[in-house]
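The structure appears below as structure tokens.
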Amino acid sequence: MRIPIIAGNWKMNNTISESIDLVEKIKSRNLNNMVEVVVAVPFTSLYEIKKHLEGTSIKLAAQNMHWEDKGAFTGEISPLMLKEIGVDYCIIGHSERRQYFNETDETVNMKIKSALKHNIKPIVCIGETLKEREENIQEDIVKNQIIKAFEGIDKIYIKDIVIAYEPIWAIGTGKTATSEEANKMCGFIRNVIGNMYDEELKNNIRIQYGGSVKPNNIKELMEKEEIDGALVGGASLIAEDFIDIVNY
Ligand code: 13P
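With the working numbering, letter number 104 in the sequence shown gets 143, and the count goes up by one each step, no holes.
Here you go:
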């Protein structure tokens with residue numbers, strides 16, 4: 040049984056006080072207890088939000104991390120720093136980081152390994168551009184991203200990894216992949232994992248869909264066999280919308 044996981048990726052939004060406000064609204068409501076709920080908040084809010092999540096089942100995620108434990112990397116945040124706060128998950132390789140901050144499959148791989156070493160569960164983002172989908176090479180692109188991201192990662196760690204399939208053309212555009220398209224790609228990703236590892240991991244790994252997930256499309260997405268949850272951007276900034284998504 041794969042436990043559904045719905046995560047809000049706040050991206051570069053919310054000061055500390057705004058973060059507290061949003062998380063207090065979310066936790067004040069009854070949330071679907073069949074779903075693992077995660078909030079991925081900005082670095083500056085992590086410490087405070089961890090305290091506000093105490094006594095709830097909501098998990099905390101960072102949106103990025105460096106792969107080294109410490110050192111001369113001005114402006115970076117290390118896994119040790121996240122671990123001390125008590126972060127459960129870390130988003131790794133989001134397309135915005137790949138696009139604007141030159142993240143590569145190689146750095147994604149190093150970050151995943153480092154997160155696992157520190158018991159931080161990676162939410163690994165993959166997905167194709169519009170051009171790649173138009174050229175019908177989306178499966179090759181995604182397969183290549185997975186092979187490189189998972190290179191050298193032992194099968195014992197795979198159960199701690201969540202994959203987020205986020206087609207870049209659907210992020211922040213209001214253009215969702217149809218539930219059939221999303222389901223097909225999540226199934227494809229599952230097969231890639233099956234071929235790299237084994238049948239058990241293929242069946243157990245959790246795969247989220249992300250890209251313009253809203254209260255009005257979550258149900259249809261979650262009904263699909265291969266989709267185990269969602270990584271939600273814009274709609275996770277509005278408490279009511281995020282609650283409606285979690286309570287699909
Ligand atoms: P939107 O839900 O705003 O399209 O963002 C998706 C996303 O990038 C989540 O990580």
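Even glycine gets a Cβ: it sits at the ideal position worked out from N, Cα and C.
Given a length threshold of 4 residues, each whole run of the alpha helix (DSSP H) inside the segment 106-179 is given here in chain order: 118-124, 134-139, 144-156, 169-173.
As computed with DSSP, glutamine 247 is found in a beta bridge with Ala203, Gly268.
Bridge pairing for isoleucine 97: absent [DSSP]. Judged by pairs of C-beta atoms under 8 Å, the segment 120-137 touches the segment 163-177, as three or more such pairs exist.
In this structure, DSSP gives alanine 221 a helical state, which the three-state scheme calls helix. If you look at alanine 79, you'll find it in the beta strand (DSSP E) that goes 75-79. The nearest non-hydrogen atom of ligand 1 is less than 7 Å from the C-beta of serine 251. Looking at Lys109, Glu107, Met120, the one whose alpha-carbon comes closest to that of leucine 85 is Met120. Proximity to valine 231 across Val271, Val126, Gln184 peaks at Gln184, based on C-alpha coordinates. Less than 8 Å divides the Cβ of valine 76 from the Cβ of isoleucine 45.
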